[in-house]
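At position 347 of the sequence shown (counting the first as 1) the number is 349 in my numbering, and the numbers step up by one without a gap.
No residue lacks a Cβ here, since even glycine has one placed at the ideal position from N, Cα and C.
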Amino acid sequence: MRRSEVLAAESVSCLNKALCHLKDIWEEIGIPEDQRLQRTNVVKNHIKGLLDMMIKEEESLRNRVMSSIQDSKNKLEKLCLDLQIPIHQDEVGLTMLQQENSLRTQVEGLLTEKTSRMQQLKALREQDQELCDILCSIPFCISPDSVPSKDQLNSFEQHIANQNAEKANRYAEFMGLKKQIILCMNDLDHFPETSFEKDVVCEQEDLFCLSSENITSLKLLLCKLEQDKAENEAACEALREKIQQLWDRLQVPQEEREVFNEHMVMSKKSNLKALQAGIDHLEELKLKNMCHVTDAIRSEIAVFWEKCFFSTEQRQAFSPYFSQDFTEELLSLHDAEIQRLKQHYENHKELFDGVQQWEQNWRLFLELDKKATDPSRFANRGGNLLKEEKQRAELHKNLPKLEKKLKGQIDAWESEQGSEFMVNGQKFLQYVAEQWQAYQSEKDREKLQRHLKKSKQTEEDMLYGTAQTPKRRLLGSNTPNKSKWMNASSSVSMATSNSTIRSAYSGIICRSPVPRSPMRRPPLSAKKGSAQKIGGGKPPHPKVNTCNKENETRLKGTPLSARFVHGLQTQDPPAHPELHHH
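Shown next, in the form of structure tokens:
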């Protein structure tokens, strides 16, 4: 049995006991029956009224609980809709009080969540508005009255973070642009004129609107200032070059030049004005010193003639160079000519430098080739012989490559200019081929001359004999191949000499008074005076030395500029294999 039923049974028992007690009292008092009935009826009515009142109160409580449950359900449903969460489902098996308590707790939790979201939304909207004012951007699209969802709040927070990052980037960009703008304005002696320039330079950084349009305007302003600065620097640089030229032509003392030291470095507007004033002053001096200035320009023209390898005819084509009537017009012609020559040299500087490099390499190659035939080089110490031989081989290998490169540049120049590329009045490639042909002819002549000299020496040795046996070379001084070649040459020379002697003396063979074996012949490369001859041996013919000197002069590699000015004589068609097709 439940406890409530036990309590009800006890209540009935207490009521019965109370009625019995009342009955006993009434009997003891002697109250009549009709009055006892009345009094019993009063007790009953009283108890019934009390119970009815209690029932009514409890029913009222039940109604309030039910009303609270329904109200909580309505609030809970609305909050779920506002917070965009699933609607709450009623739990099964709960009493009315449990259900009311549960619903009330859920409503309170959702109200707290709603309040929190609205406060967070308000704070985010304030931050967004502040950022929009700074960045001049559009506010985040969200209703200020409705409760935002968690996804909306997360998106809003991400938007605020992006805006803060954009603000930091734009602020850093603004500060960098502002710094550069101020530097450019200082370099140009420029003061802020427009309201935008004043806002940038004079106002506080925090008050400047960091909109994309303002950042673009800052970039345009900086670009304009940099362009003005570049134009100013270019103008100052041009004026400096002109001042330097005028100083050199007028031979201005160093003391007067030092006055312009600041203006020769800085490129502000004040410097530009000072440089222009200096040029005006120097132009006046130039007019007063017309003859001296013209001679100075002529010296520059002569230098560029040499650099550009102009021929005598090309130089004489500029007739004002030889005029002695020094006027302002003549000076202007010289100024125009030196500018034309400078431009011509700059346009084809790579080609002219290549020609100059070939000429230097060719002279060095001839010099090393000449040293290679000098017997005294073997007495050198310190490894210079090996270095020179390696350098000569490298030059012999690189010269044709350089010539091939120059040929391509010359072909491009000729197709562009529509004329032949001349160096000192002659085709450069033709000159190169002639130099190689002359070099090869000289090598062939030297080889033939050595052969004749050895043959003659052998003939004289066979006729008159030798005083002593030449010293043997050091071990390893000749390679086996060279020794074989020398023996073969000696055999040929001896055969030629023997036939000559037989024909001259009608078959009589004169032997040397000193018996010697074939292995004790004098060395083929013996120098003059290395062995004394017996019986009045003839000295070498004087024409040999004369030929050597002439050929050495011809192959010394006189610079192109000097050689062609004095009228270089052209030779036969080129024989250099790399340039034969020219």
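Candidates the options: closest to residue i by CA position
{"i": "GLU228", "options": "ASN263, ASP208, LYS180, SER272", "result": "LYS180"}
{"i": "LYS77", "options": "LEU112, GLN428, GLU168", "result": "LEU112"}
{"i": "ASP147", "options": "LYS124, PHE193, GLU352, GLU207", "result": "LYS124"}
{"i": "GLU264", "options": "LEU277, GLN121, GLN256", "result": "LEU277"}
{"i": "LEU85", "options": "ARG172, GLN108, ASP189, ASN47", "result": "GLN108"}
{"i": "PRO402", "options": "ASP230, GLN129, TRP360", "result": "TRP360"}
{"i": "GLN121", "options": "SER151, LEU133, LYS392, CYS204", "result": "SER151"}
{"i": "ILE217", "options": "GLU175, VAL434, ALA435", "result": "GLU175"}
{"i": "ASP208", "options": "CYS186, ALA170, ILE340, LEU224", "result": "ALA170"}
{"i": "LYS116", "options": "ARG106, CYS82, LEU133, GLN341", "result": "CYS82"}
{"i": "LYS341", "options": "ARG447, GLN253, VAL305", "result": "Looking at the sequence itself, residue 341 is Gln, so the reference to Lys does not match. Ranking the options by Cα distance to GLN341, first place goes to VAL305."}
{"i": "LEU96", "options": "MET68, LYS399, PRO34, ASP282", "result": "MET68"}
{"i": "LEU287", "options": "SER301, GLN316, LEU248", "result": "LEU248"}
{"i": "SER145", "options": "SER139, LEU155, ILE87, ILE136", "result": "LEU155"}
{"i": "ALA167", "options": "LEU133, SER219, ASN234, GLN326", "result": "LEU133"}
{"i": "GLN100", "options": "SER118, ILE89, ARG64", "result": "ARG64"}
{"i": "GLU199", "options": "LEU366, GLN165, GLU285, SER219", "result": "SER219"}
{"i": "LEU24", "options": "GLN206, PRO34, ARG41, TYR466", "result": "ARG41"}
{"i": "HIS346", "options": "LYS372, ARG394, GLN442, GLN419", "result": "GLN419"}
{"i": "LYS80", "options": "VAL149, ASN47, LEU465", "result": "VAL149"}
{"i": "GLN393", "options": "LEU9, TRP364, GLN182, ASP191", "result": "TRP364"}
{"i": "LEU408", "options": "LEU388, TYR433, LYS389", "result": "TYR433"}
{"i": "GLN182", "options": "ALA163, LYS344, VAL202, GLN165", "result": "VAL202"}
{"i": "HIS161", "options": "TYR173, GLN129, GLU315, GLN37", "result": "GLN129"}
{"i": "ILE303", "options": "LEU343, SER157, CYS225", "result": "LEU343"}
{"i": "GLU285", "options": "SER301, GLN326, GLN256, LEU241", "result": "LEU241"}
{"i": "ALA20", "options": "GLN37, VAL45, LEU39", "result": "VAL45"}
{"i": "SER301", "options": "GLU339, ILE136, PHE367, ALA279", "result": "GLU339"}
{"i": "THR196", "options": "ASN234, LEU223, GLU215, ASN188", "result": "LEU223"}
{"i": "GLU390", "options": "SER417, LYS399, LYS373", "result": "LYS373"}
{"i": "SER139", "options": "ASN188, PHE158, LEU289, SER214", "result": "SER214"}
Inter-residue CB distance, residue i and residue j (contact presumed, cutoff 8 Å)
{"i": "SER269", "j": "CYS310", "result": "The Cβ separation is near 32 Å, so there is no contact."}
{"i": "VAL295", "j": "LEU333", "result": "6 Å"}
{"i": "SER70", "j": "GLU102", "result": "5 Å"}
{"i": "ARG259", "j": "ILE299", "result": "Not confirmed; about 19 Å, so no contact."}
{"i": "LEU126", "j": "GLN165", "result": "Not quite, the Cβ-Cβ distance comes to about 11 Å (not below 8 Å), so this is no contact."}
{"i": "LEU397", "j": "LEU366", "result": "6 Å"}
One or two residues paired with residue i in a DSSP bridge
{"i": "VAL425", "result": "GLN428"}
Whole-angstrom distance between residue j and residue i, CA atom to CA atom
{"i": "MET424", "j": "ILE184", "result": "54 Å"}
{"i": "LYS75", "j": "VAL14", "result": "40 Å"}
{"i": "MET98", "j": "GLN91", "result": "15 Å"}
{"i": "GLN318", "j": "GLU308", "result": "14 Å"}
{"i": "LEU6", "j": "LEU52", "result": "A small correction: the amino acid at residue 6 is Ser; Leu does not occupy that position in the sequence shown. Spanning the two alpha carbons is a distance of roughly 19 Å."}
{"i": "VAL267", "j": "TYR323", "result": "35 Å"}
{"i": "VAL357", "j": "PHE328", "result": "36 Å"}
{"i": "LYS231", "j": "SER272", "result": "13 Å"}
{"i": "HIS429", "j": "SER313", "result": "A quick correction: the sequence has Lys, not His, at residue 429. Those two C-alpha atoms are separated by around 11 Å."}
{"i": "GLN437", "j": "ASP337", "result": "37 Å"}
{"i": "GLU30", "j": "CYS16", "result": "21 Å"}
{"i": "SER62", "j": "ASN43", "result": "28 Å"}
{"i": "GLN253", "j": "ASP297", "result": "12 Å"}
{"i": "MET177", "j": "LEU212", "result": "11 Å"}
{"i": "SER104", "j": "THR114", "result": "16 Å"}
{"i": "SER321", "j": "GLU330", "result": "16 Å"}
{"i": "ALA10", "j": "ASP153", "result": "58 Å"}
{"i": "LEU465", "j": "LYS456", "result": "14 Å"}
{"i": "HIS283", "j": "GLU243", "result": "15 Å"}
{"i": "PRO544", "j": "LYS351", "result": "Confidence in PRO544 is poor, its pLDDT being 40 and thus under 50, which makes the residue's placement too unreliable to answer from."}
{"i": "ASN349", "j": "CYS204", "result": "48 Å"}
{"i": "VAL8", "j": "LYS50", "result": "20 Å"}
{"i": "ASN47", "j": "VAL94", "result": "41 Å"}
{"i": "ASP2", "j": "TYR173", "result": "In the structure as shown, the chain begins at 3 and stops at 584. Residue 2 is therefore absent and cannot be evaluated."}
{"i": "HIS256", "j": "LEU353", "result": "Residue identity differs from the one stated: residue 256 is Gln in this sequence, not His. Each residue's Cα considered, the two are about 37 Å apart."}
{"i": "GLN439", "j": "ARG447", "result": "12 Å"}
{"i": "ALA395", "j": "LEU370", "result": "10 Å"}
{"i": "CYS22", "j": "ASP36", "result": "17 Å"}
{"i": "LYS275", "j": "ILE245", "result": "13 Å"}
{"i": "TYR441", "j": "LYS406", "result": "19 Å"}
{"i": "PHE262", "j": "GLU235", "result": "16 Å"}
{"i": "GLU12", "j": "ASP26", "result": "21 Å"}
{"i": "SER421", "j": "LEU454", "result": "48 Å"}
Complete runs of the beta strand (DSSP E) confined to the stretch 196 to 230 [at least 3 residues]: none
Any alpha helix (DSSP H) of 4 or more consecutive residues that is wholly inside the stretch 9 to 85: 35 to 85
3-residue-minimum beta strand (DSSP E) runs that sit fully inside the stretch 85 to 156, ordered along the chain: none
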